[in-house]
Amino acid sequence: NGIERNQGPYKLKGANNELFIVVLSGTEKVYIDGVLIKRGQEFDYVIDYNTAEITFTPKQLITKDSRIVVEFEYSDKNYSRSTFFVGNELESKKIKIKFNIYSEQDSKNQPLQQELTPQKKTLLRNIGNNLDNALYPNVDSVGFDENEVLYKIVDTTVNSILYDSVYVYSTNPDSAKFRLGFSFVGQGKGNYVQINSTANGKVFKWIAPDSNGVRHGSYEPVELLVTPKMQQLYTLGFDYLISKRTKTGFEIAMSNNDLNLFSPLDDKNNQGLAVKYYFENTTPLSKKTENTWSITSSANYEFKNNFFKPIERYRSSEFERDWNVTNNIVNEYEHLSGIRFLFANKKNNLINYQFNSFLKGTDYNAYMNSLNTAFNKKNFYLTYDGSLLNSDAVQLTTQFFKQKGSIIKKMKFISAGIRGEQEHNCFNKPHSDTLQQNSFSFHQYEGFLQNADSAKNKFMVNYKHRNDYAPELSKLRKSTVADEAGAMLDLIKNENNQLRINFTYRNLEIADTDLTKQKNDYSILGRLEYNAKFLKGVFNSGTYYEIGSGLEVKKEFYYVKVVTGQGVYSWTDYNGNKIPELNEFEIAAFADQANYIKVYVPTDKYVKSNSNQFNEVFNINPYVVYNNAKGFKKFISRLSNQTIYHVDHKTTIDDILEAYNPFNNEIADSNLLTLNSSFRNIFYFNRNSSKYGIELGYQENNGKTLLVNGFDSRSLITRNVKLRWNIIREIALNAGYSEGNKNNRSEYLTSRDYAINFFETENILSFQPNTFFRISLNYTYAEKKNTMGLKEYSINRKLGTEIRYNIKSSGSFLLRVNYINISYSNDNNNTPVAFE
Numbered sequence: 022n023g024i025e026r027n028q029g030p031y032k033l034k035g036a037n038n039e040l041f042i043v044v045l046s047g048t049e050k051v052y053i054d055g056v057l058i059k060r061g062q063e064f065d066y067v068i069d070y071n072t073a074e075i076t077f078t079p080k081q082l083i084t085k086d087s088r089i090v091v092e093f094e095y096s097d098k099n100y101s102r103s104t105f106f107v108g109n110e111l112e113s114k115k116i117k118i119k120f121n122i123y124s125e126q127d128s129k130n131q132p133l134q135q136e137l138t139p140q141k142k143t144l145l146r147n148i149g150n151n152l153d154n155a156l157y158p159n160v161d162s163v164g165f166d167e168n169e170v171l172y173k174i175v176d177t178t179v180n181s182i183l184y185d186s187v188y189v190y191s192t193n194p195d196s197a198k199f200r201l202g203f204s205f206v207g208q209g210k211g212n213y214v215q216i217n218s219t220a221n222g223k224v225f226k227w228i229a230p231d232s233n234g235v236r237h238g239s240y241e242p243v244e245l246l247v248t249p250k251m252q253q254l255y256t257l258g259f260d261y262l263i264s265k266r267t268k269t270g271f272e273i274a275m276s277n278n279d280l281n282l283f284s285p286l287d288d289k290n291n292q293g294l295a296v297k298y299y300f301e302n303t304t305p306l307s308k309k310t311e312n313t314w315s316i317t318s319s320a321n322y323e324f325k326n327n328f329f330k331p332i333e334r335y336r337s338s339e340f341e342r343d344w345n346v347t348n349n350i351v352n353e354y355e356h357l358s359g360i361r362f363l364f365a366n367k368k369n370n371l372i373n374y375q376f377n378s379f380l381k382g383t384d385y386n387a388y389m390n391s392l393n394t395a396f397n398k399k400n401f402y403l404t405y406d407g408s409l410l411n412s413d414a415v416q417l418t419t420q421f422f423k424q425k426g427s428i429i430k431k432m433k434f435i436s437a438g439i440r441g442e443q444e445h446n447c448f449n450k451p452h453s454d455t456l457q458q459n460s461f462s463f464h465q466y467e468g469f470l471q472n473a474d475s476a477k478n479k480f481m482v483n484y485k486h487r488n489d490y491a492p493e494l495s496k497l498r499k500s501t502v503a504d505e506a507g508a509m510l511d512l513i514k515n516e517n518n519q520l521r522i523n524f525t526y527r528n529l530e531i532a533d534t535d536l537t538k539q540k541n542d543y544s545i546l547g548r549l550e551y552n553a554k555f556l557k558g559v560f561n562s563g564t565y566y567e568i569g570s571g572l573e574v575k576k577e578f579y580y581v582k583v584v585t586g587q588g589v590y591s592w593t594d595y596n597g598n599k600i601p602e603l604n605e606f607e608i609a610a611f612a613d614q615a616n617y618i619k620v621y622v623p624t625d626k627y628v629k630s631n632s633n634q635f636n637e638v639f640n641i642n643p644y645v646v647y648n649n650a651k652g653f654k655k656f657i658s659r660l661s662n663q664t665i666y667h668v669d670h671k672t673t674i675d676d677i678l679e680a681y682n683p684f685n686n687e688i689a690d691s692n693l694l695t696l697n698s699s700f701r702n703i704f705y706f707n708r709n710s711s712k713y714g715i716e717l718g719y720q721e722n723n724g725k726t727l728l729v730n731g732f733d734s735r736s737l738i739t740r741n742v743k744l745r746w747n748i749i750r751e752i753a754l755n756a757g758y759s760e761g762n763k764n765n766r767s768e769y770l771t772s773r774d775y776a777i778n779f780f781e782t783e784n785i786l787s788f789q790p791n792t793f794f795r796i797s798l799n800y801t802y803a804e805k806k807n808t809m810g811l812k813e814y815s816i817n818r819k820l821g822t823e824i825r826y827n828i829k830s831s832g833s834f835l836l837r838v839n840y841i842n843i844s845y846s847n848d849n850n851n852t853p854v855a856f857e
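Using the working numbering, read the sequence shown as starting at 22 and increasing by one per residue.
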């Protein structure tokens, strides 16, 4: 129970023995189309480490054509583990020698997250390296516990077949005596499915196989046992400078990767070997001019056997795609070799040709020719990258041609250019001209105009056109057409007025409905930021507006018991069945009741949405200018106002103007996916005075969350006035009055629905003759009335005193006494409405 924290990441053991593995902060790498992007709200993406959810900002348009790769590290410590590393380099003028030793191993006799019985150890000894076979029944006979999801065992007959061990969710203390842990085993491979339930945890239901014995579930009450592992890597390499223009080097690596320390089986597959060698020579073509061309010739070779296991990935994120390797999971011998000829001068003009071959096992061989060029003359910049791949395998032959290039003209203040990109990838079975379904082709062209990178105020506009082609028999035919327009504007030179705008619109049209399941669609991304100061800071404004189209994930949640006082929620057994259910948790009123936390778990279910975020902070403060003025200006300096408005809409509305209007408050519930909005306005009079002051406030909060079971929405409106008055130096009065209404709606827990009107008045009279002693009297009166259902109401009265005495540098004494009287109209005070 509870949370185990280990330097940031944590593991959470839930009500059904789920283990959540949380990504270590800051270790992920995200690539889009092979390019590493940056994390941060002002850059390309943000990440929620609790749910491992990545959200892209308006700087990144994500479409069906985007290639997204996420690399991350995580902690899954199932055994006590030790790690050892040593590395060193020895270097002279011509030679550099380097070696590394890395070893990481689990202690198989010290499991942490699982209990290994002799039966489980026997299973692990017999499976060798076949880790998918480490499945063990996860059924435990326990005593009844209302804090767990438990099951009873029954017999049932379906299609004249007797099933004598079927587990059914139960809350009956006499029969609910089995704790089950379910694992996803694949659709059609299990007998259980997850169902919606008010139980505080995941609930699974048995589904009978059909008359042919075909299963229809995807879960089974089994656990995948984690084997203790060992991974070691030894590397030795050297670089040798043969002459001023010639160098060579090699590196050899040996790995030892034992996937199951319990089993001696398959140990012959543990050791792996890899070798890398290179040779490079640079020769100037002429000695006459300072900007002469030179030629760099190089050769390289890489080898790894089928058992080599590196600590981390050492090839690019697009390596498999570049070589059309579709079965990279299979470990086989690999030979990667190549030669390169680079012609370059000191003005960054270059021509680079490469020939590479890649052999994988005995079934795959591929050859790639690549050409890269870059020229600049009279402020014209030309670049080109192209490659042609031909590969042969036992069951597949491919030809992959891709190229991209650009021409840019840089003028005094602006640059104009065009870019183009093309890919043509054909997959065929040997001796057949019929294209496989993973064949594709696209052509993309872009024109753009932007000012110099060194300018403080920046702008850019661009337009893209893309045609995609899909296979039909032996040809590629046009399937979709996309047009995209974008603009960017940064006006940040003036410190008092700064404006940033970024906008992208993309329209997708289907050219042939027989070639794709896609539908006509559009994508919009936009962001506006504006910060301004007027009249020497009397008026301050900060505006943020963001729009976008994307997907919204459905979530499920439950409550996990933690150490008392470390949680947020308390449990009240409203129905008296002694079983914690989702509709029985409230935000704790007192610390000693706060012993549950709420855990959201994302699912694989998504809904297409249009979203907008708007945030405005506007302050009026004449005091910064008129604080020393007299007469009417002095009166004006006593007035100030603060307005804050925030809204975050996600809807299914197709109408763009309606979907992206942040002030649209009349969205139908059927179109609203999520909503978080707040509005607060506070008007101050004499805010900076120590004698007296008045505040008039209005606040409105609304929220709606999309869950697997349905929607959960809430709203709160409050109007208040506050008065503070230092009657004399020793006596002060604080008086306040507030009124409003609070609403809660639940699509699946109707017992939590209510609409409460309330008002409250609070008065505090304080006497403080010196800095050491203070005594205060307070009186609070409040009424709450529910306008739904039984129309119940409550009256709250509180009368109290507080005495504080401070002894300088020694200590303090505090005494607080309150008399509280609550009257409630309904005899049944064990409901969510009564709690509120």
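C-beta atoms are modelled at their ideal positions from N, C-alpha and C, and glycine is treated no differently.
These numbers were taken from a predicted model, which means no experiment stands behind them.
A distance below 8 Å separates the beta carbons of Y580 and N221. Relative to the Cα of T792, the nearest Cα in the group G821, I828, L529 belongs to I828. Going by beta carbons, E573 and K430 fall outside the 8 Å limit. Assignment of Q614 by DSSP, reduced to helix, strand and coil, places it in the helix class. Leaving aside the five residues that flank E637 on each side, the residues in its chain whose CB is nearer than 6 Å to its CB run, in chain order, T564, Y666. Judged by their CB atoms, Y66 and T48 are not nearer to each other than the 8 Å cut-off. Counting along the chain, no beta strand (DSSP E) covers N692, and no H or E run does either.
DSSP, read as helix, strand or coil, puts P623 in strand. Non-local C-beta neighbours of V214 in its own chain, meaning closer than 7 Å and more than five positions away in sequence, comprise F225, K226, I228, G238, S239, Y240, ordered along the chain.
Its chain contains Y566, N633, Q634, F635, V668, H670 as the residues whose beta carbon lies nearer than 8 Å to that of P683, once the 5 sequence neighbours on both sides are disregarded; these appear in chain order.
DSSP places I748 outside any beta strand (DSSP E), giving it a letter other than H or E. Shown here, Q443 sits in a strand according to DSSP, grouped into three states.
Separation of L171 and G202 (C-alpha to C-alpha, rounded to the nearest whole angstrom) is 10 Å. In the three-state reduction of the DSSP assignment, F656 falls in the helix class. Rounded to whole angstroms, the Cβ separation of S661 and Y681 is 33 Å, and the two are not in contact under 8 Å. Rounded to whole angstroms, the gap between the alpha carbons of G652 and G714 is 19 Å.
Exposure of K654 is indicated by the presence of fewer than 16 other C-beta atoms within 10 angstroms of its C-beta.
Here G558 carries a helix assignment [DSSP, helix/strand/coil]. Under the three-state reduction of DSSP output, A414 falls in the strand class.
Contact between T419 and F463 is ruled out by a C-beta separation of about 16 Å, above the 8 Å threshold. DSSP, reduced to helix, strand and coil, places P305 within a strand of the structure shown. For F524, the uninterrupted beta strand (DSSP E) run begins and ends at 518-531, by DSSP.
Within the DSSP secondary-structure output, A220 pairs in a beta bridge with E602.
Counting C-beta atoms within 10 angstroms of its own C-beta, N278 has 16 or more neighbours from the protein chains shown and is therefore classed as buried. DSSP places Q134 outside both helix and strand once states are collapsed to three, so it counts as coil.
By the beta-carbon neighbour count (other beta carbons within 10 angstroms, threshold 16), M432 is exposed. DSSP places E63 in the coil class of the three-state scheme, outside both helix and strand.
In the DSSP annotation of this structure, T143 is not part of any beta strand (DSSP E); the continuous alpha helix (DSSP H) holding it starts and ends at 139-148. No residue range can be given for P249, since it is assigned to no alpha helix (DSSP H) and is classified by DSSP as neither H nor E. Excluding five sequence positions before and after G149, the CB atoms of its chain that fall closer than 8 Å to its own CB belong to N281, S284, L286, D287, given in chain order.
A distance below 6 Å between beta-carbons, with the five flanking residues on each side excluded, links G588 to the following residues of its chain, in chain order: A615, N616, Y617, I618. Between the region 90-100 and the region 536-546, the count of C-beta pairs closer than 8 Å stays below three; the two stretches do not touch. In this structure, E169 and R200 form a Cβ contact; the two beta carbons are roughly 6 Å apart against a cut-off of 8 Å. The C-alpha of F606 is placed about 11 Å away from the C-alpha of T852. Of all alpha-carbon atoms in G211, A197, L246, the one lying nearest the alpha-carbon of L133 is that of L246. Assignment of beta-bridge partners to T347 by DSSP yields no partner.
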